[in-house]
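Protein chains in written order, with this note's numbering: chain H, 1 to 358; chain D, 359 to 716.
Data block below; observations after.
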């Protein structure tokens, strides 16, 4: 298994190089616009890790990203591109908050888990629609999930305006006992909104890792992704695995939304557009090479970029728009890692194939 | 291998996003290009504003506040990002982090521009009783927060009068940002003003459900003009720029017609320039900039109105209507109604439900 080891090494080099090249390009862009990249990155790091408050906010932002990234990776292992994570997260967010504000007098011991589970199910069902259509009618899950993003957005906005409130922008806060916020944790983190979602993210990461590597179901999902025909020939039910993988993927996206609703914001408000968190989660999964541990690290990196980036305008005078371009260029290299892989293969590959080709 | 293609696809998508982001925000970066210059501030009093959705170049609400800050900065020899600064909010979820940013950067006075910041600011203000805040367009009951309201309905009433006396098709339109108590005041005032002059005029009322969606604004304006409306009053921040675009396009295509837009919150004459003249009929003014200057100076003098609610109307010069391109006859009508409102002969309703065409 020598080549396997080498592959792992390349696999690790690619994301690290992506990030480094992204940071370099970001620095060049800042230079190009006439800003000091060192001061810029300094204030970014300060703004992400400089105080307990910022560390808390970074962890708070990373938690749903990691969970949603894991959700993407499961569908991806089965060979599906779940681009509807945002919509699924929004449904999870909506339903969990809805359940929580509907029963203000129920004890937290019951209300909290019920709301969380309701949110997870909402996300799962939303993704399940695409899974069922794919399994039985062969429709493209990419198109269906993209469209379901818009459906989720407008359904949510309609419900907030007309059902949950009387034409207001935002719902009431969920009852205290249903919140995922923990006073000691917030206080530890200088009053930031970091919440129990952090621990949920850690537990979910371990569970997903066990599920994908140690269980039959996880094995089947991976196997369908690698070769659906061979898997079917081997007696696996392809349809079941398609639906199952989308269901779990959506459930995790829904859970990401639940963390936003019951942890970060404690309510839901009218969204001007499809929430970014789903797309960021997708990028997190790709940067993390769909490996649970990789996703944890890339989720943390994304959160540092996003939370730290917000401090750059005040800290170093780099305007918001340039910060967005810098972050986008880092993500760009993540997306374009094929390019990096190509060059690595070209340079290292030469030695390997020398004997074989010539 | 499908995996790899997908990653390339994603890369492409991200690049497109990057390019679009770069194009879309080009204007903003120019504005802030000078901000990196360092300079010491004489006194160490500093102020910061957190924007409503949209940047400080929205030509409307946020910009009026920012212009007030710039004027204050000039008056007090402050430099941007030293003595005064803005933090831009692009989505609702950014309000709390942005206010916390302002807090952590040790500004002496933090402005929340717009009712949408109320819940976020209330949370932060209660947690930080020593920090001074000002909220525009909403009320926070706390000793460290000064609340500033405007009688937008009074100015909107005058806009309605202006529209009703100018329309040739007996048909006018109103484009709102998001349905809310504040925009309700605009709608109610406008309707009441139109009906006060002529109850037979048809008024189309549409909401974009966003303050930052110029495309939606353009779409709504297109529908209204096509249906026969010839004047549109918008109360929708950045969204209103789409209304102006649509009107300009139509006037450029066919200069013989008479289409008008009524601007909001600051004199929007500049937005109405087209090949054959200017189509901004008039603008309602809202003294956000003046309030920002006054409140900042009061805070320096130690007379900060913490815990108080101010309400500025026509009588207090807090709101007004520009003469713009109004005919003498229309302006005379506006002057007449203005006096009646100031005298209290006319009480302008704040809720659209109270307005009926008699």
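Every residue, glycine too, gets a C-beta built ideally from N, C-alpha and C.
From a predicted model like this one, the values you see are computed outputs, not experimental measurements.
Annotation for residue 421 (chain D): 414, 415 and 624 place their beta carbon closer than 7 angstroms to its own, counting only its chain and skipping 5 residues before and after.
Partner residues in the beta bridge of residue 529 (chain D), as assigned by DSSP, are D:560.
Contact check for residue 181 (chain H) against residue 263 (chain H) passes: the beta carbons are separated by less than 9 angstroms.
The Cβ atoms of residue 532 (chain D) and residue 549 (chain D) lie closer than 9 angstroms to each other. Shortest Cα-Cα distance from residue 609 (chain D) to any of D:476, D:635 and D:565 involves D:635. A distance below 9 angstroms separates the beta carbons of residue 273 (chain H) and residue 153 (chain H). For a Cβ distance threshold of 9 angstroms, residue set 157, 161, 270 and 272 of chain H lies close to residue 567 (chain D), ordered along the chain. Against chain D, the CB of residue 313 (chain H) has a partner CB under 9 angstroms away; the residue lies at that interface. At least one CB of chain H lies nearer than 9 angstroms to the CB of residue 445 (chain D). Within the same chain, 157, 160 and 169 come within 6 angstroms of residue 270 (chain H) by CB-CB distance, once the 5 residues on both sides are set aside. DSSP places residue 678 (chain D) inside the beta strand (DSSP E), whose first and last residues are 677-679.
Against chain H, a Cβ distance below 9 angstroms from residue 454 (chain D) picks out 193, 264 and 265. Taking 8 angstroms as the Cβ-Cβ cut-off, the stretch 213-237 of chain H has no residue approaching chain D. Where residue 470 (chain D) is concerned, there is no enclosing alpha helix (DSSP H), although the beta strand (DSSP E) around it starts and stops at 467-470.
Taking C-beta atoms as the reference points, residue 485 (chain D) and residue 50 (chain H) fail to come closer than 9 angstroms. Only buried fits residue 598 (chain D), as 16 or more other CB atoms lie within 10 angstroms of its CB. Note on geometry: alpha-carbon atoms of residue 675 (chain D) and residue 696 (chain D) lie some 11 angstroms from one another. Residue 484 (chain D) sits in a helix when the DSSP states are folded into three classes. In the DSSP annotation of this structure, the continuous segment of the beta strand (DSSP E) that includes residue 406 (chain D) starts and ends at 405-411. Taking the Cα of residue 520 (chain D) as reference, the smallest distance to any Cα among D:694, D:710, D:711 and D:702 is reached at D:694. Comparing alpha carbon positions, the residue from H:21, H:244, H:342 and H:196 closest to residue 80 (chain H) is H:244. Within the stretch 428-439 of chain D, the residues whose Cβ lies closer than 9 angstroms to any Cβ of chain H are, in chain order, 438 and 439.
For residue 485 (chain D), the neighbours in chain H by C-beta distance under 8 angstroms run, in chain order, 191. The beta carbons of residue 203 (chain H) and residue 96 (chain H) sit no closer together than 9 angstroms. Judged by DSSP secondary structure, residue 269 (chain H) falls outside any alpha helix (DSSP H); it is assigned neither H nor E. For residue 169 (chain H), the closest Cβ of chain D is nearer than 9 angstroms.
Secondary structure note for residue 63 (chain H): its alpha helix (DSSP H) is the uninterrupted segment 52-77. Bridge partners of residue 638 (chain D) according to DSSP: D:619.
Within its own chain, the residues whose Cβ lies closer than 6 angstroms to the Cβ of residue 141 (chain H), once the five positions on either side in sequence are excluded, are 80, 130 and 134, listed in chain order. At least 9 angstroms separates the CB of residue 528 (chain D) from every CB of chain H.
The DSSP-derived three-state label of residue 608 (chain D) is helix. The beta-carbon separation of residue 73 (chain H) and residue 221 (chain H), rounded to 11 angstroms, does not stay under the 8 angstroms limit for a contact. Taking 7 angstroms as the cut-off between beta carbons, the residues of the stretch 403-427 of chain D near chain H are 411, in sequence order. Within chain H, the residues 169 and 270 have their CB atoms less than 8 angstroms from the CB of residue 536 (chain D), given in chain order.
Straight-line spacing of the CA atoms in residue 611 (chain D) and residue 685 (chain D) works out to 24 angstroms. Rounded to whole angstroms, residue 310 (chain H) and residue 193 (chain H) show a C-alpha spacing of 16 angstroms.
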